[in-house]
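Using my numbering, you'd call the opening residue of the sequence shown number 159 and step up by one each time.
Heads up, the beta-carbon is just placed ideally off N, CA and C, and yes, glycines get one too.
Each remark here refers to the structure printed beneath this line.
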Amino acid sequence: MAEGDSRIRRFYLFRALTSFTMWMPFWTLWAYENLDSLYLITVVDAAFWGTMIGFQIPAGLFGDKYGRKAALFMGEILFAVGVLAFGLSTDFWQYVLSNFIWALGVCFIVSGDTPFVYDTLLELKRANEFTQVMLTATVVMYFMSAAACAVAGVIVEVTGRLEITLIAAALITIVGSFTVFLLQEPKVDRSRMASMTAHFGVGLRTVLNSRIIIILILFQIVVEIGVYVMAIFRSIYMNEDLDLSFLWVGILFSTFLLVAAVVILCSRRIESILGEKYSLVFLYAAVFATFLVVFIVRSPVAIVMQYLVYVVAGIQGPIINGYINQRVDSEHRSTIMAIATFAFTALLVVVEVCVGYVASAWGLINSLLLLAILSAPIAVTLLAMWGRALDREKVLQDKASAA
159 MAEGDSRIRR
169 FYLFRALTSF
179 TMWMPFWTLW
189 AYENLDSLYL
199 ITVVDAAFWG
209 TMIGFQIPAG
219 LFGDKYGRKA
229 ALFMGEILFA
239 VGVLAFGLST
249 DFWQYVLSNF
259 IWALGVCFIV
269 SGDTPFVYDT
279 LLELKRANEF
289 TQVMLTATVV
299 MYFMSAAACA
309 VAGVIVEVTG
319 RLEITLIAAA
329 LITIVGSFTV
339 FLLQEPKVDR
349 SRMASMTAHF
359 GVGLRTVLNS
369 RIIIILILFQ
379 IVVEIGVYVM
389 AIFRSIYMNE
399 DLDLSFLWVG
409 ILFSTFLLVA
419 AVVILCSRRI
429 ESILGEKYSL
439 VFLYAAVFAT
449 FLVVFIVRSP
459 VAIVMQYLVY
469 VVAGIQGPII
479 NGYINQRVDS
489 EHRSTIMAIA
499 TFAFTALLVV
509 VEVCVGYVAS
519 AWGLINSLLL
529 LAILSAPIAV
539 TLLAMWGRAL
549 DREKVLQDKA
559 SAA
């Protein structure tokens with residue numbers, strides 16, 4: 159086995175052992191059981207994303223300054239502590255505090271994850287494999303999460319205690335996080351990083367000076383908001399609107415992940431067939447169709463669309479982040495990814511709380527339809543701009559080749 163292959167496989171192991179997400183089908187149901195309000199759930203979750211707004215960019219700077227492994231380890235430990243605290247919470251302010259810690263963990267994970275993989279591949283002169291490696295890592299995570307969700311469904315059905323899934327998952331993640339020390343830090347020249355403030359300035363200018371990166375970031379925000387809003391309400395929709403048992407919620411989450419994992423294995427081929435331009439069209443069309451069917455089909459049959467949105471959730475990150483990473487340098491990769499996440503979280507805080515308010519007033523399904531309708535013109539505009547930007551980029555590349 160080549161040394162480079164060994165480094166990638168150790169990353170897969172790390173991802174597997176930190177992805178036993180037993181909490182996934184039941185965390186919102188646990189909060190809903192204690193808060194009894196869709197609106198308060200979104201307010202509590204806004205505390206999570208508000209923390210991301212404040213700390214994502216510092217975490218990105220930390221990852222560029224001190225290394226990807228340090229960011230990953232700190233992130234996984236904080237993530238696990240936050241999940242544990244969430245499982246022990248029973249009132250509004252306890253949930254807010256636990257989400258603060260949980261979000262800090264995510265900030266550091268985001269700042270270490272894709273930059274670690276891309277810089278490792280760059281060092282191995284295999285950067286063109288980034289999307290495939292990240293998709294494989296996503297499949298590994300999905301299979302582990304699928305097993306965790308099935309186990310969680312059985313546990314909750316037998317015990318009736320939703321919080322057990324959060325507590326057990328947190329303890330498993332703490333143990334798994336130590337596998338980060340099996341990873342080899344990629345070589346990135348940090349000698350020119352004079353100060354974090356100056357480094358951030360360069361990263362921000364890189365984003366602002368690139369029309370194509372701005373379009374990618376904005377489009378990813380639209381897709382991720384749709385995927386996330388569906389995710390936060392999915393369990394409640396299944397348990398309350400469709401009257402499914404805890405066991406079925408866990409089993410269905412498991413099958414969502416398994417089906418998505420199988421499709422993701424083929425997604426590299428799908429992306430290569432569609433190309434950069436039409437891959438983004440597919441991502442948004444799938445999210446929009448899911449929201450539309452959930453509104454029209456008021457029966458368990460609508461569950462089938464959740465498989466599609468899970469596919470989008472799995473492939474959009476590797477595909478869009480791959481397009482972004484192709485256009486930025488290693489020295490500022492974590493910072494630029496942090497800027498993208500900052501923009502996403504800032505908008506999500508507003509959108510999510512508004513959707514929660516509308517859901518409490520008009521009903522959950524109506525609020526999802528409204529979000530889909532409002533996002534459509536934005537997505538279509540960005541897709542048109544993306545197509546034109548790619549055409550201009552190709553013309554410039556052809557001129558440079560000819561010269």
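DSSP places Trp181 outside both helix and strand once states are collapsed to three, so it counts as coil.
For Gly318, there is no enclosing alpha helix (DSSP H), since its DSSP letter is neither H nor E.
Rounded to whole angstroms, Met463 and Val452 show a C-alpha spacing of 8 Å.
In its chain, beyond the 5 residues on either side, Ala328, Thr331 and Ile332 have a beta carbon closer than 6 Å to the beta carbon of Ala238.
Just measuring C-alpha positions, the residue of Val507, Leu293 and Ile371 sitting nearest Trp544 is Ile371.
Contact between the region 288–296 and the region 362–380 is absent, with fewer than three C-beta pairs closer than 8 Å. Classified as exposed, Asn286 has fewer than 16 neighbouring CB atoms from the shown chains inside 10 Å of its CB. Leu366 sits away from Lys227, with the two beta carbons spaced by 8 Å or more.
Ile259 counts as buried, since no fewer than 16 other beta carbons sit within 10 angstroms of its beta carbon.
Looking at the backbone, the Cα of Ile267 and that of Thr176 are separated by about 11 Å. Three or more Cβ pairs closer than 8 Å define a contact, and the region 525–532 meets that threshold against the region 435–452. Spanning the alpha carbons of Gln474 and Leu441 requires a straight line of approximately 7 Å. Comparing alpha-carbon positions, the option among Ile394, Phe172, Lys283 and Ile235 lying closest to Val338 turns out to be Phe172.
Looking only at Trp181, Leu540, Glu551 and Val316, the smallest Cα-Cα distance to Arg485 is reached by Glu551. In the displayed model, Val553 falls within a helix according to three-state DSSP.
The straight-line gap separating the alpha-carbon atoms of Val201 and Leu527 is approximately 20 Å. Considered as a whole, the region 420–466 harbours no complete run of any beta strand (DSSP E) with no fewer than 3 residues. Shortest Cα-Cα distance from Tyr197 to any of Tyr224, Gly212, Leu410 and Phe250 involves Phe250. Excluding sequence positions up to five before and after Gln214, its CB lies within less than 6 Å of the CB of Cys265, Ala496, Thr499 and Phe500, all in the same chain and listed in chain order.
For Ser335, the three-state secondary structure derived from DSSP is helix. A Cβ-Cβ contact shorter than 8 Å links Tyr481 with Glu434. A residue is called buried when at least 16 other Cβ atoms come within 10 angstroms of its Cβ; Ile431 does not meet this threshold and is exposed. Between the region 307–317 and the region 404–414, the count of Cβ pairs shorter than 8 Å is three or higher; the stretches touch. Taken through DSSP and simplified to helix, strand or coil, Ser195 comes out as coil. Distance check between Ile375 and each of Val459, Arg168 and Leu541 places Leu541 closest, using alpha-carbon atoms only. Remark: three or more beta-carbon pairs, one from each stretch, lie closer than 8 Å, so the region 218–235 and the region 270–287 are flagged as touching.
Residue range Arg226 to Leu246 is occupied by the alpha helix (DSSP H) that includes Arg226. Note on geometry: alpha-carbon atoms of Gln555 and Leu548 lie some 10 Å from one another.
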